[in-house]
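All remarks here apply to the structure that follows.
Number of protein chains: 2
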Amino acid sequence: MRKQEEVINAERAMVGTNVAGRMAGEDRRNQIVHVAMRLFSERGFRGTTTKEIARAAGVSEAIIFRHFATKEELYAAILDTKSCAGNMSQLSEMFAEAVKRGDDRAVFESVALTMLQHHEEDEDFLRLLLYSALEGHELFQMFWQRNVRELADFLRSYVRERQKAGALREMEPRLVGRAFTGMILHQSLINNLFDKSRTLLDITNERAAREFTKILLYGTVSSSAPEAEVKKRNETATRKR
Amino acid sequence: MRKQEEVINAERAMVGTNVAGRMAGEDRRNQIVHVAMRLFSERGFRGTTTKEIARAAGVSEAIIFRHFATKEELYAAILDTKSCAGNMSQLSEMFAEAVKRGDDRAVFESVALTMLQHHEEDEDFLRLLLYSALEGHELFQMFWQRNVRELADFLRSYVRERQKAGALREMEPRLVGRAFTGMILHQSLINNLFDKSRTLLDITNERAAREFTKILLYGTVSSSAPEAEVKKRNETATRKR
DNA sequence: ATGTGGTAAGTAAGTGCTTACTTTTAATCA
DNA sequence: TGATTAAAAGTAAGCACTTACTTACCACAT
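So the protein sequences, as listed, match chains A and B.
Note that my numbering gives residue 293 to position 222 of the first sequence, counting from 1, and the numbers run on in steps of one.
Note that my numbering gives residue 155 to position 84 of the second sequence, counting from 1, and the numbers run on in steps of one.
Pasting the structure below:
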């Protein structure tokens with residue numbers, strides 16, 4: 072009975088998004104949130120009208136206010152949808168093996184690639200983040216917390232751990248993480264916002280991840296650590312003398 | 072006559088911003104642009120109303136439309152004011168000595184510090200840049216061109232030059248510059264936008280510039296180059312063996 | 001008296017949000 | 001099974017207010 076209902080609703084939802092028939096409440100609600108997400112990311116909160124959202128969702132404006140008391144509430148509802156998909160809390164699990172091995176290159180490269188791909192696949196994400204920051208929405212705090220802060224914390228603790236093990240140079244771990252995040256974010260901004268048209272002519276995510284990791288690792292690997300990269304470098308240097 | 076006029080106008084401008092007396096046309100125009108710049112940076116183009124600008128400038132809304140045909144035109148007028156102050160075209164001159172010496176550390180550190188300070192002093196700059204990018208204003212193209220692209224070009228050509236001299240590792244110069252710009256931009260974004268409240272508890276611009284430069288240089292210095300840092304690193308490594 | 005800097009009071013076209021009303025759906029019960 | 005019914009999904013039209021932009025008129029220094 073319960074299951075039947077859900078199946079029917081799901082079917083209706085699939086039809087509804089195209090044909091704009093009548094939908095079960097929750098499906099319609101979901102659809103509205105998704106439409107709103109797209110529009111808010113394109114034009115910001117202030118720049119998007121409830122009328123536009125309604126038209127894009129294929130319903131009258133009034134039903135938006137049946138599902139959400141205010142425009143703000145609709146905006147806030149985005150977070151529940153978005154934070155699940157974009158959540159980085161599984162980070163430490165995703166890269167657990169690399170972390171365990173202490174394979175710095177693999178760790179940083181995976182992190183970079185994951186972020187770059189995430190920013191590329193979810194076109195709305197960066198725009199929503201920036202708009203909410205600029206418009207001073209409380210939403211931003213949670214966006215930042217759940218998607219950036221966690222990454223920063225992960226990187227910081229990882230760097231600190233590896234420093235203790237003598238593998239990384241003694242530098243402020245926060246700044247190391249911030250530098251790396253900065254490289255990645257900047258690359259994403261250029262590809263997905265600032266210079267969108269020439270994305271394909273540019274550097275692939277894989278290459279960017281590799282090169283950024285190289286810069287960071289060359290820049291932070293402890294000279295006393297038995298890392299392959301350091302060994303190689305030292306050998307070269309010694310030979311040159 | 073010409074000079075007298077300008078002095079009088081300047082006086083009027085200073086009074087006018089406070090007392091809202093009658094101003095010479097050009098002064099009023101300037102004042103409006105400055106007020107608009109602040110408001111546009113705070114709330115974006117769409118989020119700022121001409122009424123607000125008028126009230127903040129201490130005049131009626133109509134006189135804004137006497138000076139500027141449309142709101143867009145007022146927005147565009149910001150560029151003339153802004154691009155002069157924020158222009159980075161003098162970059163190569165500013166750091167000419169360091170460039171000539173081939174003092175990579177000094178070059179990158181100066182660039183970083185200059186950018187960080189610029190972003191801190193000119194609070195409107197980053198916000199205007201991001202808003203114009205998100206809102207898809209043509210303005211953004213010029214903003215980007217004059218303030219970021221030039222820096223990127225400078226860094227790229229500098230890196231390429233130094234690579235030819237054998238001082239820097241063989242890496243895509245574009246990516247090296249992008250990585251560095253990314254670190255700096257990210258730091259500025261955190262300090263001036265994302266986490267504004269705790270700016271003072273954070274890292275100073277000087278320190279950030281130093282550390283970022285360290286990461287980049289360690290990460291890009293050619294192992295065959297007779298750089299002080301490399302020497303030091305190699306000595307340490309050799310000793311450890 | 002004339003051009004310039006200025007205003008008060010508009011305009012039509014939105015803005016978020018509400019009201020008063022109609023249709024569809026799904027459970028209930030004769 | 002099929003009619004009944006209450007809730008939920010939907011709409012058209014309009015609310016008070018705001019938007020960018022205009023018009024018609026004024027004060028005053030030269």
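Positions of the beta carbon are idealized from the N, C-alpha and C atoms, including for glycine.
Interface partners of residue i on chain B, CB under 7 Å
i	result
Phe283/A	Ala250
His257/A	Arg249, Thr252, Gly253, Leu256, His257
Tyr202/A	Leu205
Nearest residue (CA-CA) to residue i, options the options
i	options	result
Thr284/B	Leu200/B, Thr185/B, Ile103/B, Val106/B	Thr185/B
Met108/A	Thr141/A, Glu132/A, Glu194/A	Glu194/A
Ser203/B	Gly118/B, His105/B, Asp266/B	Gly118/B
Val178/B	Met165/B, Val106/B, Gln188/B	Met165/B
Glu206/A	His105/A, Phe116/A, Leu110/A, Arg99/A	Phe116/A
Ala280/A	Lys153/A, Ile135/A, Asp175/A	Asp175/A
Glu143/B	Glu282/B, Glu209/B, Asn263/B, Ala169/B	Glu209/B
Phe211/B	Pro244/B, Ser112/B, Ala238/B, Ile134/B	Ser112/B
Val182/A	Arg217/A, Thr252/A, Glu192/A, Ile124/A	Thr252/A
Arg217/A	Leu288/A, Gly290/A, Glu232/A, Thr152/A	Thr152/A
Phe136/A	Leu162/A, Arg99/A, Glu221/A	Arg99/A
Ile274/A	Leu187/B, Leu256/B, Val247/B, Leu201/B	Val247/B
Phe265/B	Leu201/B, Val292/B, Gly290/B	Leu201/B
Val292/B	Leu187/B, Arg233/B, Glu123/B	Arg233/B
Lys267/B	Tyr289/B, Leu197/B, Met94/B	Leu197/B
Leu288/A	Gly129/A, Glu97/A, Val230/A	Val230/A
Phe225/B	Ile134/B, Leu187/B, Ala167/B	Ala167/B
Phe214/A	Leu150/A, Asn101/A, Ile134/A	Leu150/A
Interface flag, residue i vs chain B, CB-CB below 9 Å
i	result
Gly129/A	no
Gly118/A	yes
Arg137/A	no
Arg240/A	yes
Glu206/A	yes
Ile261/A	yes
Leu246/A	yes
Residue interval of the alpha helix (DSSP H) (run including residue i)
i	result
Ala397/B	The question about residue 397/B has no answer, for chain B in this structure spans 72 to 312.
Met186/A	175–192
Met213/A	209–215
Glu123/A	121–128
Arg137/A	132–138
Arg46/B	A query on residue 46/B cannot be resolved here, the shown segment of chain B reaching from 72 to 312 and no further.
Below-9 Å beta-carbon distance, residue i vs any chain A residue
i	result
Val254/B	Note that residue 254/B corresponds to Met in the displayed sequence, not to Val. Closer than 9 Å to some Cβ of chain A, the Cβ of Met254/B qualifies, so yes.
Val182/B	no
Ala177/B	no
Arg231/B	no
Phe211/B	yes
Gly290/B	yes
Leu150/B	no
Arg269/B	no
Phe265/B	yes
Ala299/B	Residue placement at Ala299/B is poorly supported in this model, since its pLDDT is 43, which falls under 50; the coordinates still yield a value, given next. False, the Cβ-Cβ gap to chain A never drops below 9 Å.
Gln234/B	no
Met72/B	Only weak support is given to the placement of Met72/B: the predicted model assigns it a pLDDT of 32, under 50, and the question is left unresolved by the model.
Closer than 9 Å at the beta carbon, the chain A residues around residue i
i	result
Lys243/B	Residue identity check: residue 243/B is Glu in the sequence provided, not Lys. Per Cβ cutoff of 9 Å: Ile274, Arg278, Glu282.
Arg217/B	Those do not exist, as Arg217/B stays about 14 Å from chain A at its closest Cβ, beyond 9 Å.
Chain B residues whose Cβ lies nearer than 8 Å to that of residue i
i	result
Leu287/A	Ile286, Gly290
Contact list for residue i against chain A, beta-carbon separation under 8 Å
i	result
Arg313/B	With chain B running from 72 to 312 in the structure shown, residue 313/B is simply not present.
Neighbouring residues, chain B, relative to residue i (Cβ below 9 Å)
i	result
Gly115/A	Gly115, Arg117, Gly118, Tyr202, Leu205, Glu206
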